[in-house]
Amino acid sequence: MATDTQSGLQIEKDDSSKPEVGFVLSLGRALHTYGYPAHRLEEMMGRMSVRFGLQGQFFSTPTSIFASFGAQDDQRTYLMRVTPGEVNLGKLTELDDVIIGVLRYATSPETGSLRIEKIVTDPPRYGNLLMTIAFGLASASASRFLGGGLKEVVVSALIGIFIGLLSILTGRFPAVGGVFEPLAAFSASALAAGMSFVIGPYAVSNSMLGGLIVLMPGLTLTVAMIELSTQHLSSGTARLSKAFVVFLGMGFGVALANSLIKTVLGDPRIAKIAPMPSWTMFAAMILMPLSLTIILRAHKRDAIWIVISGILAVAGSRIGANLLGPEIGVFLGALIVGIAGSIYSRYLDHPSIVTQVPGILMLVPGSVGFRGLAALLDEKVVSGIDTTFKMILTAVALVAGTLIAGIIAPSRREA
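So, in structure tokens, the structure goes:
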């Protein structure tokens, strides 16, 4: 008998007689926790089953994994309830090393299971101070990408730091996690509006969006669209619903903060953006990927490749925007990031997801969707619908670029 750490229930555990089954289940849970999408997760568990000579069928959703082993008339089925975690590129890289070792017959399933257990229990790669600074730098860079000036960038950085501290607090008090996004949106909107009475008029909405950019569910939306496109309908639909709920929660937080600020202080003092030198855009193109390296907990050795991926994403989307328009232009950025990730995987023997996720985060349509929701909440129905449609178009273009990149330049391995 053993205790399931998630549910606390006593369950029968006979995987000791079949270490291969135990390894596949442990690997699936770990990959799911650290950000693997459904199509890659099920494929990887299937490859491992083939490697061990097992007949396996797998089905995953954002909160569970079903795994069946054996012939159709003599199957043993496992259900694992998995709490969705945050993307952790460093641990995904370490899990990939285990996968390659097993596939190449260099690592036994027993040893692989022990290595997975160690990876899962290892402490966080970066400390709270560095994570908080990374949130601030990411928000400041996002504000600059959105056309912000000096005031907007500084306020965005302050909001990002506050949200970073709030995320640390959420980790210590899990009960806060259920309202984290609305609370963060409320705080960002209140700080952005309140600062206009302290530092003078500026573009409040720019700072608010920049401060919230890390929390936008754009990556969730993109992964959901990819899962739907690859016929993983249950997982894709569930993930799409999650993105929608997060958007609504953040929209509510912003609306509540706006009403409170107007009641207490009056309308925010708004002014046009004062342009910044062009070199600051290049600085943001470097700082944003570096910040994402820390936020996504990637290995330090991968920082340079993540920066290159981020630069390619921004440059590709800008060129694509000039040729095809701002929404469709994202297609070219995603295509370039996908191909670059495949090259990285082939020649450096690391999983392509390490560079692809940060690159996609530089392109995701989260801020566009949030603007549409904000317009709808402000009773600007036509503008809100138009902006929301642009978000959907951007997401589709991003998914198309990612999938086509996988056809043009497939990774040496899908890991």
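With our numbering applied, the sequence shown corresponds to residues 2 to 416, in that order.
For every residue, glycine included, the Cβ atom is placed at its ideal position computed from N, Cα and C.
Just so you know, these numbers come straight off a predicted model, no measurement behind them.
Within its own chain, the residues whose Cβ lies closer than 6 angstroms to the Cβ of L138, once the five positions on either side in sequence are excluded, are L288, S292, listed in chain order. With three or more CB-CB distances shorter than 8 angstroms, the segment 334-341 counts as touching the segment 399-407.
Residue burial annotation: L324 is exposed, with fewer than 16 other C-beta atoms found within 10 angstroms of its C-beta. For the 7 angstroms CB-CB criterion, T133 and G165 form a contact. Contact between the segment 346-361 and the segment 92-101 is present: 3 or more CB-CB pairs across the two stretches fall below 8 angstroms.
The closest CA to that of P276, considering only Y203, I309, G250, G254, is found on Y203. In the same chain as I117, and ignoring 5 residues on each side of it, the C-beta atoms closer than 8 angstroms to its own belong to F24, S27, L28, A31, L96, V99, in chain order.
Nearest to A68 by C-alpha distance, out of E43, L184, R52, is E43. Per DSSP, S279 lies in no alpha helix (DSSP H) segment and is marked neither H nor E. Secondary structure at I271: strand, using DSSP grouped into helix, strand and coil.
Counting only unbroken stretches of 3 or more residues, the beta strand (DSSP E) elements lying wholly within the segment 54-115 are 57-62, 65-70, 77-82, in sequence order. For R126, there is no enclosing alpha helix (DSSP H), as DSSP marks it with neither H nor E. Cβ neighbours of A135 within its own chain (closer than 6 angstroms, five residues either side excluded): S292, I295, I296. Approximately 4 angstroms separates the beta-carbon atoms of S236 and A39; this is inside 8 angstroms, confirming the contact. Across the structure, H33 and G311 are spaced so that their CA atoms are roughly 25 angstroms apart. Taking a 10 Å sphere around the C-beta of K152, we find 16 or more other C-beta atoms and assign the residue as buried.
A Cβ-Cβ contact shorter than 7 angstroms links A401 with F332. No Cβ-Cβ contact shorter than 7 angstroms links I227 with A143. The three-state reading of DSSP puts Y345 in helix, counting H, G and I together. Ranked by Cα distance from M392, the options V355, G330, G212 are led by G330.
In the DSSP assignment, Q357 falls within the alpha helix (DSSP H) that extends over 354-362.
For F248, the enclosing alpha helix (DSSP H) starts and ends at 234-265. Boundaries cannot be given for G179, as no alpha helix (DSSP H) includes it and DSSP labels it neither H nor E. Here L130 is exposed. Its C-beta has fewer than 16 other C-beta atoms within 10 Å.
When C-alpha distances from S65 are compared across A239, G250, P218, the shortest belongs to A239. Just so you know, the alpha carbons of F253 and L210 end up roughly 14 angstroms apart. For Y37, the number of other beta carbons within 10 angstroms of its own is at least 16, and it is reported as buried. Put simply, the segment 260-268 touches the segment 183-195. At least three CB pairs are less than 8 angstroms apart. Going by C-alpha positions, V255 is about 53 angstroms away from A107. Within the same chain, P202, Y203 come within 6 angstroms of A272 by CB-CB distance, once the 5 residues on both sides are set aside. The C-beta distance from R298 to P125 rounds to 7 angstroms, short enough to fall under 8 angstroms.
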